[in-house]
Structures are given as structure tokens and as C-alpha cells.
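Enquirer:
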Ligand code: KG4
Ligand code: ZN
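Numbering (my numbering), first residue to last: 122 to 466.
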């Protein structure tokens with residue numbers, strides 16, 4: 122089955138073609154970073170309009186790259202939520218109506234399921250069950266995954282998501298949007314010994330997170346150091362490093378707790394923050410000591426992309442799941458409410 126995947130949940134237009142037996146045939150990504158940069162964050166209306174501009178030409182281009190005509194498509198998958206409602210509408214409207222006009226099945230994909238399954242595009246892919254740490258701009262969740270659509274939330278952030286914490290902290294440090302990668306780059310130059318920030322909620326039982334206090338910690342520390350006339354550039358790099366260490370350490374501690382609790386030897390890292398080099402390294406070394414194998418997508422499939430939507434949609438479509446010819450994008454959508462599907466052969 123050959124599936125066209127469409128992602129338009131936020132500020133990236135992603136399109137991909139996935140086929141059973143062949144894998145990923147073609148994919149393209151357009152990031153709206155330049156469009157939103159001057160506003161310091163995503164402007165929803167501009168995002169929707171840009172998806173309208175980019176989506177159709179990108180679909181044509183991906184089909185051409187995959188030497189595929191629209192008549193050769195067997196199904197269409199589009200992100201139905203969660204995300205910005207106007208942005209979601211663009212991909213859902215185009216995806217659903219294209220499928221209807223071609224007389225082929227369509228499915229609305231949960232964006233976080235896309236992230237969660239993205240490591241299965243890699244080789245070796247993890248077997249079920251596994252624990253997934255989903256760390257994106259809007260979500261931080263630990264999920265027990267027994268199969269596709271068989272998700273149980275073990276823990277989540279009570280306030281800011283990990284990516285959101287990176288983005289807000291980057292803003293405090295005067296870094297440009299998007300903040301996460303910029304902060305990670307600045308942290309590379311930082312001295313890890315100068316500051317030690319708290320590891321929130323690691324001193325009490327449970328698998329929930331809280332990152333909003335860290336940004337306040339950063340703001341207070343920066344103001345104090347600047348008032349004392351410390352070198353601002355070195356100070357910002359050292360603070361960035363201490364912040365990154367604190368987030369990475371906190372995530373790693375909770376993941377170790379989760380694998381022990383579930384007696385599980387596989388952990389999957391996914392979502393935009395899983396592109397963070399230090400997080401990938403720390404997770405691997407800490408969990409290797411527990412006999413746990415860590416899986417993550419290649420960096421280009423950690424952040425939003427069409428490949429993960431094509432793949433997740435293919436899984437559900439090949440299992441016979443189809444959406445009716447209507448679409449109702451969801452700004453919020455509980456991952457645990459998804460129906461389970463049988464694994465594809
Ligand atoms: O999954 P994603 O592309 O979009 C959402 O679904 O939210 O995640 C975006 C988030 C942003 O908060 C971004 O700052 C963060 O992932 N991010 C990073 C890195 N690359 C992206 N955070 C830390 N280090 C990175 N290298
Ligand atoms: Zn995402």
C-alpha cells in the first residue's frame with residue numbers, strides 16, 4: 122500500500138510517500154522559521170496561510186520524486202491533531218478531499234503517535250512493548266507502548282513541555298526563535314562546572330515532570346550575574362549549559378525510573394527535543410548501565426516531518442482503519458483515546 126503523508130500541525134509543512142515493503146520513497150520538509158522569526162514565535166494565521174501556499178506544490182514535487190502519479194496512491198494520511206487549528210485545517214482539508222476525489226481511503230493521524238512511531242522507520246526498529254519519552258514543543262510524556270494504539274500514559278509535564286522550556290529559556294537568554302537548537306548550540310560553549318540548576322521533581326516518587334520553575338531560575342541567575350557585571354556572553358553560555366544539563370538529567374532520571382517500574386529493556390526517544398545531542402548521549406549511557414537499549418529517530422525525523430505521518434497512517438490504513446469523508450481537526454487530542462490496531466506483517 123502506497124500512502125501519501127501530510128503534516129501541517131504547526132510551523133512545518135511536511136509531505137512524504139511511504140510504501141509497505143519499500144519503506145520511505147520520498148519526503149520533503151519546508152520550515153516556516155524565517156516567516157515567524159521576527160515575531161519571536163509562531164503566528165498561527167501566518168502559519169496557516171503559508172501551509173496553503175506550500176502544500177500543493179510540495180505534494181506535486183514529492184510525487185514526482187517518487188515517480189508516482191496521484192492514481193498510484195492507495196491512501197492518504199494527514200495530521201488531524203493536536204496542533205494549531207487553522208494549520209491543521211489546511212492539511213486535513215487538502216488530504217481528505219484529495220482522497221475523496223481519487224476514491225481512496227484517508228486517515229487522520231495523531232501528531233504525537235507520528236512522533237512516537239518515528240523510531241520504527243529506523244533499523245533496527247524497537248519491538249513492542251517499549252517505553253516512549255515524547256518530548257516536543259507542546260508535550261512531555263512518558264508512555265507505555267504495548268502496540269500501535271495501545272498507549273498508557275505513565276507521566277507527563279504538569280506545566281511547560283520540555284521543548285517549551287527550551288524555547289522560553291532561550292528567549293530569556295536573548296536567543297532567536299526557534300530557541301531549542303539555538304540554546305543547545307550556545308550550551309556547547311558553556312562551562313558545565315559554573316552552575317548547577319535543580320532537577321525538578323526528581324526528589325519525589327512518580328513519573329511526572331515540571332519545567333516551568335527552571336526558566337525562573339535562569340532569569341534570576343542571569344539578572345544577578347549581570348548586576349554583578351559578569352561577562353554577559355560567557356555567563357549566558359554557562360547558564361545555557363547548566364539549563365540543558367538540568368533538563369537532560371531530569372528526563373534521564375525519570376526514564377530510568379520508568380524502565381525499572383515497567384521492567385522494560387527498550388526505550389524510545391521521540392519529538393523535537395530528542396534531536397538534542399546531549400539528551401541522546403546521556404540517555405544511552407545511563408540506560409546502558411540498566412541493560413536498556415535506547416532507540417531514536419535520525420535527527421531530521423525527530424522534529425515535525427511528513428514521513429512520520431505517512432508511516433503512522435500506513436500502519437492504520439493497512440490494518441483496515443479508514444476515516445469517513447468528513448474531517449474535524451482537533452487542537453487537543455488524548456493519545457490514550459486512539460483505537461488499537463493489529464501490527465502489520
Ligand atoms: O516535535 P517538534 O518539532 O514540534 C512539536 O510537535 O512541538 O518539537 C519542537 C520543539 C521546540 O520546542 C524546539 O525548540 C525543540 O523541539 N528542539 C530542541 C532541539 N531541536 C528542537 N530542543 C533542544 N535541543 C534541540 N537540538
Ligand atoms: Zn511535533
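In this text, a Cβ means the ideal position worked out from N, Cα and C, and glycines have one as well. Keep in mind that this is a model prediction, so the values were computed, not measured.
Indicate whether residue 231 and residue 454 have their beta-carbon atoms separated by less than 8 angstroms.
Expert: Position 110 of the chain shown, counted from the start, is the residue given in the question as residue 231. Position 333 of the chain shown, counted from the start, is the residue given in the question as residue 454. Cβ atoms of residue 231 and residue 454: closer than 8 angstroms.
Enquirer: Return the chain-ordered list of same chain residues with a C-beta closer than 8 angstroms to the C-beta of residue 158, the five sequence neighbours on each side being excluded.
Expert: Position 37 of the chain shown, counted from the start, is the residue given in the question as residue 158. Closer than 8 angstroms at Cβ, skipping near neighbours: 297 and 298.
Enquirer: Am I right that residue 270 and residue 459 are in contact with their C-beta atoms under 8 angstroms? What's the rounded C-beta distance?
Expert: Translated into positions along the chain shown, residue 270 becomes position 149. Translated into positions along the chain shown, residue 459 becomes position 338. Yes, residue 270 and residue 459 are in contact; Cβ-Cβ is about 5 angstroms, under 8 angstroms.
Enquirer: How would you label residue 457, buried or exposed, when you count the other beta carbons within 10 angstroms and need 16 or more for buried?
Expert: Along the chain shown, one-based indexing puts residue 457 at 336. Classification for residue 457: exposed.
Enquirer: Give the DSSP-derived three-state secondary structure of residue 156 in the structure shown.
Expert: On the chain shown, position 35 is the one that residue 156 refers to. Residue 156 falls in the helix class under three-state DSSP.
Enquirer: Could you please give me the residues that DSSP links to residue 310 through a beta bridge?
Expert: By one-based count along the chain shown, residue 310 stands at place 189. The partner list for residue 310 (beta bridge, DSSP) is empty, contrary to what the question assumes.
Enquirer: Of the choices 171, 283 and 446, whose alpha-carbon is the least far from that of residue 223?
Expert: For the purposes of this step, residue 223 is taken as the residue at position 102 of the chain shown. Of the listed residues, the one whose Cα sits closest to residue 223 is 446.
Enquirer: Which runs of the beta strand (DSSP E), 3 residues or longer, sit entirely within the segment 257-294?
Expert: Complete beta strand (DSSP E) runs here, min 3: 261-268 and 271-277.
Enquirer: Check whether the Cβ of residue 236 lies closer than 7 angstroms to any heavy atom of the ligand ZN, and answer yes or no.
Expert: For the purposes of this step, residue 236 is taken as the residue at position 115 of the chain shown. Yes, Cβ of residue 236 sits closer than 7 angstroms to a heavy atom of the ligand ZN.
Enquirer: Quick test of your reading: residue 127 and residue 216, contact by CB under 8 angstroms. State the CB separation rounded to the nearest angstrom.
Expert: In the chain shown, counting from the first residue as 1, residue 127 sits at position 6. In the chain shown, counting from the first residue as 1, residue 216 sits at position 95. Right, the Cβ-Cβ distance comes to about 5 angstroms (below 8 angstroms), so this counts as a contact.
Enquirer: Would you kindly work out how many angstroms separate the C-alpha atoms of residue 418 and residue 430, rounded to a whole number?
Expert: Numbered from 1 along the chain shown, position 297 holds the residue referred to as residue 418. Numbered from 1 along the chain shown, position 309 holds the residue referred to as residue 430. Computed Cα separation, rounded: 14 angstroms.
Enquirer: With distances taken Cα to Cα, identify the nearest neighbour of residue 356 among 370, 368, 341 and 329.
Expert: For the purposes of this step, residue 356 is taken as the residue at position 235 of the chain shown. The option with the nearest alpha carbon to residue 356 is 341.
Enquirer: Who are the near neighbours of residue 122 in its chain, counting only those whose CB is closer than 8 angstroms to its CB and skipping five residues on each side?
Expert: Position 1 of the chain shown, counted from the first residue, corresponds to residue 122. Answer for residue 122: 140, 141, 195, 196, 435, 438 and 439, listed in chain order.
Enquirer: Report whether the distance from the Cβ of residue 354 to the nearest heavy atom of the ligand KG4 is below 7 angstroms.
Expert: As a first step, residue 354 is located in the chain shown; it is residue number 233 there, counting from the start. Residue 354: no, Cβ never under 7 angstroms from the ligand KG4.
Enquirer: By a C-beta neighbour count over all protein chains shown, 10 Å radius and 16 as the cutoff for buried, is residue 384 buried or exposed?
Expert: The residue you call residue 384 lines up with position 263 of the chain shown. Exposed is the call here.
Enquirer: Below 8 angstroms CB to CB, which residues in the same chain sit around residue 513 once its five sequence neighbours on both sides are set aside?
Expert: Given a span of 122 to 466 for the chain in the structure shown, any question on residue 513 remains unanswerable.
Enquirer: Can you grab the Cα-Cα spacing for the pair residue 386 / residue 249, in whole Å?
Expert: Locating residue 386 in the chain shown gives position 265, where the first residue counts as 1. Locating residue 249 in the chain shown gives position 128, where the first residue counts as 1. Those two C-alpha atoms are separated by around 10 angstroms.
Enquirer: Which residues count as close to the ligand ZN when the rule is a CB under 5 angstroms from any of its heavy atoms, in chain order?
Expert: So the residues near the ligand ZN by this Cβ test are 257 and 425.
Enquirer: Quickly, what does DSSP pair residue 228 with across the bridge? List them, please.
Expert: Here residue 228 corresponds to residue number 107 of the chain shown, with the count starting at 1. Answer by DSSP bridge pairing, in chain order: 198.
Enquirer: With DSSP collapsed to three states, give me the class of residue 390.
Expert: The count along the chain shown starts at 1 and reaches residue 390 at position 269. Looking at residue 390 - three-state DSSP - the assignment turns out to be strand.
Enquirer: Between the alpha carbons of residue 344 and residue 361, how many angstroms are there, rounded?
Expert: Position 223 of the chain shown, counted from the first residue, corresponds to residue 344. Position 240 of the chain shown, counted from the first residue, corresponds to residue 361. Taking the straight line from one Cα to the other gives about 14 angstroms.
Enquirer: In whole angstroms, what separates the C-alpha of residue 373 from that of residue 227?
Expert: Working through the chain shown from its first residue, we reach residue 373 at position 252. Working through the chain shown from its first residue, we reach residue 227 at position 106. Cα to Cα, the separation comes out at about 38 angstroms.
Enquirer: By the three-class DSSP mapping on this structure, what secondary structure does residue 134 have?
Expert: Taking the chain shown and counting its residues from 1, the one referred to as residue 134 is at position 13. Note: residue 134 maps to strand in three-state DSSP.
Enquirer: Return yes when the Cβ of residue 165 is within less than 8 angstroms of the Cβ of residue 207, no when it is not.
Expert: To locate residue 207, count along the chain shown from 1; it is residue 86. To locate residue 165, count along the chain shown from 1; it is residue 44. In this structure, residue 165 lies closer than 8 angstroms to residue 207 by Cβ.
Enquirer: According to DSSP, which residues form a beta bridge with residue 144?
Expert: Taking the first residue of the chain shown as position 1, residue 144 is located at position 23. Note: residue 144 sits in a beta bridge opposite 140.
Enquirer: Counting pairs of Cβ atoms below 8 angstroms between the segment 319-339 and the segment 273-293, do you hit three or more?
Expert: The segment 319-339, when compared against the segment 273-293, does touch it at the 8 angstroms Cβ threshold.
Enquirer: Quick one: what does DSSP say residue 339 is sitting in, helix, strand or coil?
Expert: Start at 1 with the first residue of the chain shown, and residue 339 comes out as number 218. Helix, per DSSP.
Enquirer: With the cut-off set at 8 angstroms, would you say residue 172 and residue 392 are in Cβ contact?
Expert: One-based indexing of the chain shown puts residue 172 at position 51. One-based indexing of the chain shown puts residue 392 at position 271. No, Cβ-Cβ distance for residue 172 and residue 392 is not below 8 angstroms.
Enquirer: Is it buried or exposed for residue 410, if we count other Cβ within 10 angstroms and need 16 for buried?
Expert: If you number the chain shown from 1, residue 410 lands on position 289. So residue 410 ends up on the exposed side.
Enquirer: Short of 8 angstroms in beta carbon distance, which residues of its chain neighbour residue 252, apart from the five on each side in sequence? Order them along the chain.
Expert: Looking up residue 252 in the chain shown gives position 131. Within the same chain, residue 252 has close Cβ partners 263, 264, 265, 266, 275, 376, 379, 380, 383, 385, 387, 388 and 389.
Enquirer: Would you say the beta carbon of residue 287 comes nearer than 7 angstroms to a heavy atom of the ligand KG4?
Expert: Taking the chain shown and counting its residues from 1, one reaches residue 287 at position 166. Under cutoff, so the answer is yes.
Enquirer: With the cut-off set at 8 angstroms, would you say residue 225 and residue 187 are in Cβ contact?
Expert: If you number the chain shown from 1, residue 225 lands on position 104. If you number the chain shown from 1, residue 187 lands on position 66. Cβ atoms of residue 225 and residue 187: not closer than 8 angstroms.
Enquirer: Work out the CA separation of residue 260 and residue 280 for me, nearest whole Å.
Expert: Reading the chain shown from its first residue, position 159 is the one you call residue 280. Reading the chain shown from its first residue, position 139 is the one you call residue 260. Cα to Cα, the separation comes out at about 10 angstroms.
Enquirer: Would you mind reading off the limits of the alpha helix (DSSP H) that contains residue 176?
Expert: Position 55 of the chain shown, counting from 1, holds the residue named residue 176. Its alpha helix (DSSP H) spans residues 165-186.
Enquirer: Note down the Cα distance separating residue 465 from residue 331, rounded to an integer number of angstroms.
Expert: Taking the first residue of the chain shown as 1, we reach residue 465 at position 344. Taking the first residue of the chain shown as 1, we reach residue 331 at position 210. Bear in mind that the predicted position of residue 465 carries a pLDDT of just 49, short of 50, making it unreliable; the figure below should be weighed with that in mind. Between residue 465 and residue 331, the C-alpha separation is close to 37 angstroms.
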